[in-house]
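S.K.: Its first residue numbered 367, the sequence shown is counted upward by one per residue in this note's numbering.
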Amino acid sequence: MLGENTVNPEGEFKISFGYECNAHNGCSCMVPSGFESLPGKIPKNSSFSRLSGAALSANATLANTNICNGVIGAEILPSWDSPNSFRRIPSSPTLSRLDVLSSSLQSSMSNLSCSPPTPSPPEYDYCSFRSMSAPSRNEGFLNAMEVQVAGGAAGEDRVQAVCSEENGWLFCAIYDGFNGRDAADFLAGTLYENIIHQTRLLDCDLKQDVTGASNVFYPQGPFQHAFKGANNSHVEKPPTGTFDKNNSSIKKSINNALVHDSSDSFRQGMLDSLQRALSQAENDFLYMVEQEMEDRPDLVSVGSCVLVGLLHGMDLYTLNLGDSRAVLATYDEGSNMKGFGRIKPIQLTDSHTVDNELERSRVLSDHPDDPAVIAGGKVKGKLKVTRALGVGYLKKKNLNDALMGILRVHNLISPPYISTEPSLNVHRISKSDHFVIVGSDGLFDFFSNDEAVKLVHSYIMSNPNGDPAKFLLEQLVGRAADCAGFSMEELMNIPAGRRRKYHDDVTVIVIILGINQRTSKASTWV
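(1) Relative to the C-alpha of L682, which residue among D689, N435, V693 and V672 is closest?
(2) Who are the near neighbours of N815 in its chain, counting only those whose CB is closer than 7 angstroms to its CB and skipping five residues on each side?
(3) Work out the CA separation of G555 and I438 for me, nearest whole Å.
(4) In terms of residue numbering, what span does the beta strand (DSSP E) encompassing E691 cover?
(5) Excluding the 5 residues flanking A846 on each side, which residues of the same chain have their C-beta closer than 7 angstroms to its C-beta?
(6) Are L790 and L640 closer than 9 angstroms when you measure CB to CB?
(7) Going by Cα to Cα distance, which pick from A440, I561, E522 and S448 is closest to D871?
(8) Considering only their Cβ atoms, is the gap separating C538 from L417 smaller than 9 angstroms?
(9) Leaving out the 5 sequence neighbours to the left and right, which residues in its chain are closer than 6 angstroms to T684 when beta-carbon positions are compared?
(10) Decide if the stretch 749–759 is in contact with the stretch 658–668; the criterion is three or more beta carbon pairs, one per stretch, under 8 angstroms apart.
(11) Helix, strand or coil for R774? Go by DSSP, reduced to three states.
(12) Is V872 helix, strand or coil by DSSP?
(13) Does the Cβ of I709 have 16 or more other Cβ atoms within 10 Å, making it buried, or fewer, making it exposed?
(14) By alpha-carbon positions, which one of G679, G880, R864 and Q646 ends up nearest to S629?
(15) Assuming S785 contacts T752 (C-beta within less than 8 angstroms), just tell me the rounded distance between them.
(16) Which residue's Cα is closest to the Cα of N686: A695, L673 and L724?
(17) For D736, I'd like the list of residues in its chain whose CB is within less than 8 angstroms of its CB, leaving aside the five on either flank, ordered along the chain.
(18) May I have the straight-line CA-CA distance separating S615 from V729, to the nearest angstrom?
(19) So, L769 versus S413, is the Cβ gap smaller than 9 angstroms?
(20) Name the DSSP beta bridge partners of Y825, please?
(21) Alpha carbons only, please: which of K763, T719 and D732 is nearest the one belonging to G743?
(22) Judging by CA-CA distance, which residue of E512, S423, K573 and N560 is the nearest neighbour of N533?
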């Protein structure tokens, strides 16, 4: 049963932003007070209609990210954070600022062994993206001149959303930091740019493959065709023999033949690009830790779970490290699509904790000579998560040695103990799919997948223009207060830090699928 909405947002929701667009008129007048209307035509290949986000803090954090000579905290993050509204920015606003980091990173990659190296073609180096010129419309998979961004921090969590109305794609990410927010801040300032870079390399590779296979130049790039093949029941075979590459009918024939084979390879290439971008972020972050740990030895224990969702066309890509989740809400076959049928959750991500028997078995098998690899229900007695970015002291001996006394892990026999190998998935959106919940583990401390999906579904059915992520967090506060024996007001009056006893930092994004109406809202509760 749905609880009452008893939390007064005035004074509680310190940061809120959003926009609403109407697919028919380009811009809707249905804009809540304080929300900005961003005009724009809705592209035909967009597969989501609304985005709602909210975050609730519980941990106290100094939030004094000073790594990278302060560039992350002082220059890069302010360009991404938008506490009051979605706002338009250039597609890659921080590339020039990342130039500051590149000189120190150029020589670092060969010295790092904590994560697999990031492969690059010979004509690119690891930091080449940091000095690239402004993007053009046809450069890469996420091709846009400008994007809309929103995001912010709540405790040790960070939430980030990047949307291109122009091309109909959505990037969203939750970085659930622990032992400090430095790793989450670093991810918020760099991972999206890493992904942009890797998808541009993928674009170049596909252009070369297509050109080599057909001897035909494609001015629009292969990405313009990659998502069209699924609907083509008939694929023409290219003609044999000598032909004129400027012949339009031959171009069309070869395009159709290549599309049939390209969609699966493209999706795999996209997943590989996400993984390489994450590996780059891991290498960069741990190198920074090595440079800073003399002044800040605490950085060797700082880490973050990572959950990324990338929606383009009808494909939803997910990448995760740790225990955050992406849960799809979909109707059973034969259900009434008007909202009266059965809706069920499908978890799109894996849970990387010692409580997951598969993960526990993997960790044990990876360290057969260590009898204490799991102690007290945690990896080396320190972490419940088995995969995460950062936490260098569980990955490299010299970083562990930077810690003093009881903080140091004794008998670090066979590092790394925490993996940076992400779980990757691509889901093809169907007519039965209704929405996706992307949330940090704090949400699932109180709700099962099924409970979260039913709460959001019931709310959407009765409040089609409401904010389901904010509503879900209000339900969480009510449940946490009941468990603690407090009223909701009493619980929220407990200062951050002390309130961590009753709930974790919680970040939620709800993506409502469909193209009937475009609405976007987000808020951060601090």
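The beta carbon of each residue, even a glycine, is placed where N, CA and C say it ideally should be.
M.R.: In this structure, then:
(1) Counting from one through the sequence shown, the residue named residue 682 turns up at place 316. The candidate whose alpha carbon is nearest that of L682 is V693.
(2) Sequence index remark: in the sequence shown, residue 815 carries index 449 (1-based). The residues are V693, P711 and Q713.
(3) Within the sequence shown, numbered from 1, the residue matching residue 438 stands at position 72. Within the sequence shown, numbered from 1, the residue matching residue 555 stands at position 189. In a straight line, the C-alpha of I438 is about 6 angstroms away from that of G555.
(4) By one-based count along the sequence shown, residue 691 stands at place 325. Residue identity differs from the one stated: residue 691 is Arg in this sequence, not Glu. R691 to Y697 is the extent of the beta strand (DSSP E) around R691.
(5) As a position in the sequence shown, residue 846 is number 480, starting the count at 1. Result list for A846: F812, L857, Y868 and H869, in chain order.
(6) As a working mapping, residue 790 is identified with position 424 in the sequence shown. As a working mapping, residue 640 is identified with position 274 in the sequence shown. Cβ atoms of L790 and L640: closer than 9 angstroms.
(7) Indexing the sequence shown from 1 puts residue 871 at position 505. When only C-alpha atoms are compared, the closest one is E522.
(8) One-based indexing of the sequence shown puts residue 417 at position 51. One-based indexing of the sequence shown puts residue 538 at position 172. In this structure, C538 lies closer than 9 angstroms to L417 by Cβ.
(9) By one-based count along the sequence shown, residue 684 stands at place 318. Around T684: G675, A692, L714, T715 and N791.
(10) yes
(11) In the sequence shown, counting from the first residue as 1, residue 774 sits at position 408. DSSP places R774 in coil when its eight states are reduced to three.
(12) Within the sequence shown, numbered from 1, the residue matching residue 872 stands at position 506. It is a strand residue.
(13) The residue you call residue 709 lines up with position 343 of the sequence shown. Answer is buried; the Cβ neighbour count reaches 16.
(14) Numbered from its first residue, the sequence shown carries residue 629 at position 263. The residue with the shortest Cα to Cα distance from S629 is G679.
(15) Locating residue 785 in the sequence shown gives position 419, where the first residue counts as 1. Locating residue 752 in the sequence shown gives position 386, where the first residue counts as 1. The Cβ separation is near 6 angstroms, so the contact holds.
(16) Numbered from its first residue, the sequence shown carries residue 686 at position 320. Of A695, L673 and L724, the residue nearest in Cα terms is L673.
(17) Here residue 736 corresponds to residue number 370 of the sequence shown, with the count starting at 1. So the list reads N777, I779 and S780, once near-sequence residues are dropped.
(18) Looking up residue 615 in the sequence shown gives position 249. Looking up residue 729 in the sequence shown gives position 363. Note that S615 scores a pLDDT of 49, beneath 50, so its modelled location is shaky; the value from the coordinates is reported in the next line. Their backbone Cα atoms lie some 56 angstroms apart in a straight line.
(19) Residue 769 sits at position 403 when you count from the first residue of the sequence shown. Residue 413 sits at position 47 when you count from the first residue of the sequence shown. No, the pair does not count as a contact, with Cβ atoms beyond the cut-off.
(20) The residue labelled residue 825 in the question sits at position 459 within the sequence shown. Answer by DSSP bridge pairing: none, since Y825 is not bridged.
(21) On the sequence shown, position 377 is the one that residue 743 refers to. It is T719.
(22) Counting from 1 along the sequence shown, the entry for residue 533 is found at position 167. With distances taken between Cα atoms, N533 lies closest to E512.
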